[in-house]
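A.B. asks: The structure under discussion is supplied below as C-alpha cells; questions concerning it will follow.
There are 2 protein chains.
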Amino acid sequence: MAKATKKPTRREPGRSKAGKAGKRGGSASRAGTEVPDGPGGYDGDDRPSVVLAVDVVLFAVRDDELVVLLVERGREPHAGRWALPGAVVEPEETMRSATRRAVTGRTGIVEPFTRLEQLAVFDAPERDPRTRVVSATFLAVCARAVPPPGGALASGRWWPVGVVGTDDGPDLAFDHAGILTAAVGELRGRLERTDLATALVEVPFTLGDLRRAYEAAWDADLEPANFRRKVLSTPGFVEPTGANRAVGTGRPAELYDRGGDAVLRPPMLRPG
Amino acid sequence: MAKATKKPTRREPGRSKAGKAGKRGGSASRAGTEVPDGPGGYDGDDRPSVVLAVDVVLFAVRDDELVVLLVERGREPHAGRWALPGAVVEPEETMRSATRRAVTGRTGIVEPFTRLEQLAVFDAPERDPRTRVVSATFLAVCARAVPPPGGALASGRWWPVGVVGTDDGPDLAFDHAGILTAAVGELRGRLERTDLATALVEVPFTLGDLRRAYEAAWDADLEPANFRRKVLSTPGFVEPTGANRAVGTGRPAELYDRGGDAVLRPPMLRPG
DNA sequence: TGAATAGTGTCTTTCAGACAATATGGA
DNA sequence: TCCATATTGTCTGAAAGACACTATTCA
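Protein sequence lines correspond, in order, to chains A and B.
The letter at position 179 of the first sequence is residue 176 when you use my numbering, and the numbering goes up by one with no holes.
The letter at position 69 of the second sequence is residue 66 when you use my numbering, and the numbering goes up by one with no holes.
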C-alpha cells in the first residue's frame, strides 16, 4: 500500500490507431503479437471464434455408491458410446442455461441438480474430430438419482463411478474419460473443504445420511463419532430442525437442513 | 461395483433421425430441448457460437508486496482504464497459446510466467457492451516482477493488489475487478494446499524467500520456525541444493529448488 | 431381550502456534 | 562485540483418530 502513483493517464500514443488497422480482415488480423483489448482482448470484430459447449458431470449417490449420469450416443462419431450430457452455448444464453438444457432435454428431470459449480475448460484442438469445440465443464450434484432418467426421453443412465474404466463399465466418447476423472477428483477435494456434500442428500437429512454420502464419494469409511464432531463444529454446515426420524431399527436420528455456505477450515481430511 | 449391467447397446430408436432434422437452419435449430451430441453437445454445425477469449491474472511479489500485471486501455469502451491482459482464442490455437500471446504481446517478456492454471469462465451476457464475449480466465504466477513491462511496447504495469479498489489504485475495465477478486482468493487458497508458491520465487531460493512470498500473498506474518517445519515435512515441496547463500547480515540460508508437484495434506493454514 | 443405529465421553496421537535457545554471518 | 537472520529444540493447545459406553427404537 505504498508506492502506487495517483491514477496515471498515459494513453500509449500511436497505438490505438495501429490497433484499428486491418480490422475485419479475417482471422489473421486478430492473431500475432498485436493484442486486442476489451474483455478477453476482444477487438470489435463480432465474428465468433470457436464453438463453445458445456458438459455436465452430474453426480448422485444411489445405494451407497457414487453414480454419474451419462447418455448413450446415437450418432457418429463414437455412436454407441457414452457421453456426458452437453449442449452448445448459444450466443444469447449463459452457460448455466445451457447446462440445464443439456440435462433436462435428455432426461426430463425438472430440477436436475441441487448445485452446479465450474470445473475446467477442455480445449485440445483434436478432441472433436469434426471441428474445434471448446468445452466448459461443470460439476453438478443432485440429491436423488431417481426419478431415473427414464420415460420416453430415456437415453440417459446412472453409472457407478467405480465401474467406469473396467470391463463392466461404459465406453466413454471423446475425451470424456479424462473429464470424468478430473471431476471425481474435484468432487472429492471439494467435499473436504466445502459443504458440497449437503447437496448430495435430500432435506431433511440425518448425519448418518450425510456421512454415507461422504463414504460413497470417497470410497472410504468414516468414524461416525468423529464425523459428527467435525460437522457440528463447523458453523453454517448444517442446521438442526429439532425433529427426529426413525427408520427401521435403531435409535431415531436428529434431522438437519442444509446450512449456509460453509467452508471447512481446516478441511475434513479424506482417509488414506 | 455391483449392479452394473454388461455394456448396454440400446440405440435410442427414432431419435437420431429427429436429431438431424432442421440442422443448419440457423441458431434456433440448436436451441430448445433437443440436445445435440458430441463433445459439449456439438451437432455438426461448424459455425462458431461465441467469441472465446482468455484473460490472464499474472501475479508476482515485488518488495514484499503482491502485485498484478495490468494494461492500460487506449480505446473505448473504458479507454484509460486498466484491464487484465487478454486475447481472443483463434480457431486453430489453444487457450494456453493465447495466454502467452496476451502477456508477451504487451510486455515483451519472453518467459512471461512460471506457472499457469485455470481459474474460471466469466460469461455474463453484458460484460462487454459490444458483443458476447466469454472469457476463460487464468491464474498465472511469475518469479520476477522485473524486467518491468517496459520498453517500447510498454502499456503494462505492475500494480500492488492492495491498492486496487482504493483512491490510489487503478480503475478496472469491464468486469475485471470481479475477476481479480476471484483470482486473489484462488491464489490464496491454492497457496494453502499446493506448491504454487515455489513459482513465485526465483530458483534457487531460501525458505525465507518462500516465506516472504506467502506473507506477501496472504498479507500476514508467519512464524519462521513453524513454516520451515511444514515445508520440509511435505514431500516434493522443495529440493535441497546443498548450497548456501549469504545476503547482507545474518546467518547464510540453505538454498532450495522447486520440488515436484506437491500437495499439502493437511494444508498450510493461513492465519486469521 | 437382543440387534441395530444414534449419540456421548474420553484417551491418545498428531500437528500447528508460540517462543526460547543456538548458529553464523556482517557491520 | 552487537545485530540480524537462519536453524533447532521444546512446550502447549487444538483437533483428529480410536474406541468404549450409553440411548432409543423395533423385532
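Heads up, the beta-carbon is just placed ideally off N, CA and C, and yes, glycines get one too.
(1) DSSP three-state call for Ala137/A: helix, strand or coil?
(2) Taking all protein chains shown into account, decide if Pro249/B is buried (16 or more other Cβ within 10 angstroms of its Cβ) or exposed.
(3) Taking only beta-carbon positions, decide if Glu90/A is within less than 9 Å of chain B.
(4) Examine chain B for any beta-carbon lying closer than 9 Å to the beta-carbon of Ser46/A, and answer yes or no.
(5) Does DSSP classify Arg70/A as helix, strand or coil?
(6) When DSSP labels each residue in this structure, what does Leu197/A get in the three-state scheme?
(7) Can you pull the chain B residues whose beta carbon is under 9 Å from the beta carbon of Ala133/A, in chain order?
(8) I'd like the span of the beta strand (DSSP E) that includes Phe234/B, first residue to last.
(9) Give me the chain B residues within the contact set of Val200/A, using Cβ-Cβ distance strictly less than 8 Å, ordered along the chain.
(10) Output needed for Ile176/B: all residues of its chain with C-beta closer than 7 Å, excluding positions within five of it in sequence on either side, in chain order.
(11) Report the option in Leu113/A, Gly71/A and Asp168/A whose CA atom is closest to the CA atom of Ser152/A.
(12) Between Arg209/A, Phe110/A and Glu87/A, which has its C-alpha nearest Thr128/B's C-alpha?
(13) How far does the beta strand (DSSP E) with Gly182/A in it extend, from its first residue to its last?
(14) Relative to the alpha-carbon of Thr91/A, which residue among Leu207/B, Pro264/B, Gly159/B and Ala121/B has its alpha-carbon at the smallest distance?
(15) Note down the Cα distance separating Leu188/B from Arg208/B, rounded to an integer number of angstroms.
(16) Counting Cβ pairs, one atom from each stretch, are 3 or more of them under 8 Å apart for the stretch 209 to 225 of chain A and the stretch 235 to 252 of chain A?
(17) Please confirm whether Glu183/A has its beta-carbon closer than 9 Å to some beta-carbon of chain B.
(18) So, helix, strand or coil for Asp206/B, using DSSP?
(19) In chain A, what lies closer than 8 Å to Arg262/B by C-beta?
(20) Mapping DSSP to helix, strand and coil, what is Val59/B?
(21) Residues in the same chain with beta-carbon distance under 6 Å from Lys227/A, minus the five sequence neighbours each way, listed in chain order, please.
(22) Between the alpha carbons of Leu261/A and Gly205/A, how many angstroms are there, rounded?
(23) Does any residue of chain A bring its CB to less than 9 Å from the CB of Val54/B?
(24) Here's the rule I'm using: 16 or more other beta-carbon atoms within 10 Å means buried, otherwise exposed. How should Leu252/B be labelled?
C.D. replies: Answer, in terms of the structure:
(1) strand
(2) exposed
(3) yes
(4) yes
(5) Under the three-state reduction of DSSP output, Arg70/A falls in the coil class, being neither helix nor strand.
(6) helix
(7) Residues of chain B with a Cβ closer than 9 Å to the Cβ of Ala133/A are, in chain order, Gly37, Val118, Asp120, Val131 and Ala133.
(8) That residue, Phe234/B, is in no beta strand (DSSP E); it is neither H nor E in DSSP.
(9) In chain order: nothing, as chain B lies at least about 26 Å away.
(10) Asp52, Val54, Leu81, Phe119 and Thr134
(11) Gly71/A
(12) Glu87/A
(13) Not the beta strand (DSSP E): Gly182/A falls in the alpha helix (DSSP H), residues His173 to Arg190.
(14) Ala121/B
(15) 11 Å
(16) no
(17) no
(18) helix
(19) Contact note: Arg262/B reaches chain A through Leu266, using a C-beta cutoff of 8 Å and chain order.
(20) According to the sequence as given, residue 59/B is Arg; it is not Val. In the structure shown, Arg59/B sits in a strand (DSSP, three-state: E or B).
(21) Cβ neighbours of Lys227/A beyond the five flanking positions: Met265.
(22) 19 Å
(23) no
(24) buried
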